[in-house]
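Peer 1:
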Amino acid sequence: MVDNIRIAPLSCSSSPSNHGCRLHLHARGVPTLLALCLLLAFCVSSALASPLGAAQSSSHGVLSSPSNRLGTLGQLSSYYNGLSDSAHALVKRATGHDGCECNRSSREQAAVPSQYSSDISRVFTVFIASAVLIPVLVLLSGVFAGLTLGYMSLDETQLKVLAVSGTPKQQEYAKRIQPIRANGHLLLITLLIANMIVNETLPVLSTEALGGGIQAVVVSTVLIVIFSEIIPQSVCSRYGLVIGAVMAPYVRVLIWALFIVAWPVAKVLEFVLGPHHGIIYRRSELKELINMHAAAEHMGGDLKGDTVTIVGGALDLQEKVAADAMTPISKTFMLDIDTKLDYETLATIVHSGHSRVPVFHQIQVGDKKVTKIIGVLLVKQCVLLDPEDATPLREIPLNAVPSVPFDEPLQGILNRFQEGRSHMAIVSRI
Numbered sequence: 001m002v003d004n005i006r007i008a009p010l011s012c013s014s015s016p017s018n019h020g021c022r023l024h025l026h027a028r029g030v031p032t033l034l035a036l037c038l039l040l041a042f043c044v045s046s047a048l049a050s051p052l053g054a055a056q057s058s059s060h061g062v063l064s065s066p067s068n069r070l071g072t073l074g075q076l077s078s079y080y081n082g083l084s085d086s087a088h089a090l091v092k093r094a095t096g097h098d099g100c101e102c103n104r105s106s107r108e109q110a111a112v113p114s115q116y117s118s119d120i121s122r123v124f125t126v127f128i129a130s131a132v133l134i135p136v137l138v139l140l141s142g143v144f145a146g147l148t149l150g151y152m153s154l155d156e157t158q159l160k161v162l163a164v165s166g167t168p169k170q171q172e173y174a175k176r177i178q179p180i181r182a183n184g185h186l187l188l189i190t191l192l193i194a195n196m197i198v199n200e201t202l203p204v205l206s207t208e209a210l211g212g213g214i215q216a217v218v219v220s221t222v223l224i225v226i227f228s229e230i231i232p233q234s235v236c237s238r239y240g241l242v243i244g245a246v247m248a249p250y251v252r253v254l255i256w257a258l259f260i261v262a263w264p265v266a267k268v269l270e271f272v273l274g275p276h277h278g279i280i281y282r283r284s285e286l287k288e289l290i291n292m293h294a295a296a297e298h299m300g301g302d303l304k305g306d307t308v309t310i311v312g313g314a315l316d317l318q319e320k321v322a323a324d325a326m327t328p329i330s331k332t333f334m335l336d337i338d339t340k341l342d343y344e345t346l347a348t349i350v351h352s353g354h355s356r357v358p359v360f361h362q363i364q365v366g367d368k369k370v371t372k373i374i375g376v377l378l379v380k381q382c383v384l385l386d387p388e389d390a391t392p393l394r395e396i397p398l399n400a401v402p403s404v405p406f407d408e409p410l411q412g413i414l415n416r417f418q419e420g421r422s423h424m425a426i427v428s429r430i
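This is the structure we're talking about:
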């Protein structure tokens, strides 16, 4: 009977969650599927044409015979069954699946919305990482790199000077920075660890967002170099005092957060390199620093030339001795004890420009004469003298002059002069 006919040409029912058959086509299965469609069309047209042609060529009795109709329908059924088996084989070859996925169980069909929800959640997570986390990490990396350079460029000595003698703003900023800058090793290790954590996290997120590969490496490298190294370090090196004072409370919190990790490393660094102190200038360095400030008057320096000379001379007193500052006796303007204070002598004294003139006389020592300083003539004593009298210099009272060894430090000689007893001394090698 007709009930025995089996026609199964890939019949599939649609469901609300799956419209039609889902055929997961591979790239190589597309030509095969096109060939399948052409084969189906050709076979269907041949199957429909063959029974009708046989019926027209026999006689009208064939169509009226029930047995002949049954045989014809049986042949058509067998033809369709073979066509269905061929179609299933071609579909399996083209798609890599045995038939369509529409005959899944109800549990599998119910899992489809859950899969879509998981995909949407993953896309949203990647978007958050790309749009929010990556810029935040780049910003944090720049902050840590800039603060590292800014804080380390602020010397403790400089901060102490600014806290005492700077402008009111500088004093306030320096006092904020001093507590965290006091332990330089701990501050340095904390900022480096925080910067390392951020820089190691950034490539992971950029790889997730950009799909990995060379593009993730290029993007993360460009972002770190430009926005985390060049710009922050340029800004913080110029405005380190202001930025360091503003960020001081947050850096203190960061130090406490990473204290367990940073403190042991800082102690090891302190043991190897020693404690971190401010820069203490040597005398020659300090003198050169003063000279540089005098030369940079157009840049805001307020040291004048005379001030620099006096300060430089005062710094030199520590190591110079009397022999370094004395005037040789052969180049000294002096008067013989037998000189008479007439017009010519008084004019010579005035033109010399000195307020004190050494007085000497020659003594015989063995076979040679030696010049001996016996006192100092104060020029102001000659004001009341009459040049016409030609007063002998022996009659004028002279001030005693001390004698110092040639290797006595100038600082000790200066202390003697400040006592007011004399402003001149004789340097002796004995």
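Quick note: the sequence shown, position 403, residue 403 per full-length UniProt numbering, numbers continuous.
The beta-carbon is built from N, C-alpha and C at its ideal position, and this holds for glycine as well.
Quick one: what does DSSP say Gln362 is sitting in, helix, strand or coil?
Peer 2: Note: Gln362 maps to strand in three-state DSSP.
Peer 1: Measure from the alpha carbon of Pro203 to the alpha carbon of each residue in Arg429, Ser141, Glu408 and Lys320, then state which is nearest.
Peer 2: When only C-alpha atoms are compared, the closest one is Ser141.
Peer 1: Pairing CB atoms from the stretch 250-260 with CB atoms from the stretch 189-202, are three or more of them under 8 Å?
Peer 2: The stretch 250-260 vs the stretch 189-202: in contact.
Peer 1: For the beta strand (DSSP E) that Ile373 lies in, which residues bound it at each end?
Peer 2: Taken as a continuous stretch (DSSP letters only), the beta strand (DSSP E) holding Ile373 covers Lys368 to Leu378.
Peer 1: Looking at the structure shown, is Val401 part of a helix, part of a strand, or coil, going by DSSP?
Peer 2: Reduced to three states, the DSSP call for Val401 is coil.
Peer 1: Given 8 Å as the limit, is there contact between the stretch 405-419 and the stretch 309-323, that is, 3 or more CB pairs closer than that?
Peer 2: Contact between the stretch 405-419 and the stretch 309-323 is present, because at least three Cβ pairs lie under 8 Å.
Peer 1: So, with DSSP's three-state summary, where would you put Ile310?
Peer 2: Here Ile310 sits in helix by DSSP.
Peer 1: Just to confirm the assignment: which complete alpha helix (DSSP H) runs, minimum length 4, are found wholly within the stretch 236-319?
Peer 2: DSSP runs (the alpha helix (DSSP H)) wholly in the stretch 236-319: 240-257, 259-273, 283-295 and 305-316.
Peer 1: Whole angstroms are fine: how far does the CA of Ile290 sit from the CA of Phe144?
Peer 2: Roughly 34 Å between the two C-alpha positions.
Peer 1: Quick one: Cα of Leu335 to Cα of Phe417, how far?
Peer 2: Computed Cα separation, rounded: 23 Å.
Peer 1: With Gln136 as the anchor, note down where its alpha helix (DSSP H) starts and where it stops.
Peer 2: Gln is not the amino acid found at residue 136; the sequence shown has Val there. Note, Val136: alpha helix (DSSP H), Ile134 to Ser153.
Peer 1: In chain order, what residues of the same chain lie with their CB nearer than 7 Å to the CB of Leu154, ignoring the 5 residues before and after it?
Peer 2: Taken in chain order, the residues that qualify are Ile177, Arg181, Gly240, Leu241 and Gly244.
Peer 1: Per DSSP, Val341 is paired with what?
Peer 2: In the sequence on display, residue 341 carries Leu and not Val. Beta-bridge pairing links Leu341 to Thr391.
Peer 1: Please look up how many angstroms separate the CB atoms of Asp342 and Pro387, rounded, as I've assumed it's under 8 Å.
Peer 2: Right, the Cβ-Cβ distance comes to about 5 Å (below 8 Å), so this counts as a contact.
Peer 1: Taking 6 Å as the limit between beta carbons, can you name the residues of its chain near Leu414, skipping five residues before and five after?
Peer 2: Contacts found: none.
Peer 1: Apply the 10 Å Cβ neighbour rule to Pro179 and answer buried if 16 or more other Cβ atoms are within range, or exposed otherwise.
Peer 2: With fewer than 16 Cβ atoms within 10 Å of its Cβ, Pro179 is classed as exposed.
Peer 1: With DSSP run on the structure shown, which of helix, strand or coil describes Asp336?
Peer 2: Residue state, collapsed to three classes: strand.
Peer 1: Excluding five sequence neighbours on each side, which residues of the same chain lie with their C-beta closer than 6 Å to the C-beta of Glu108?
Peer 2: Bear in mind that a pLDDT of 48 at Glu108, under 50, signals an unreliable position, so the model cannot answer this.
Peer 1: Comparing C-alpha positions only, which one of Arg356, Ile363 and Val235 sits nearest to Ala400?
Peer 2: It is Arg356 whose Cα lies nearest to the Cα of Ala400.
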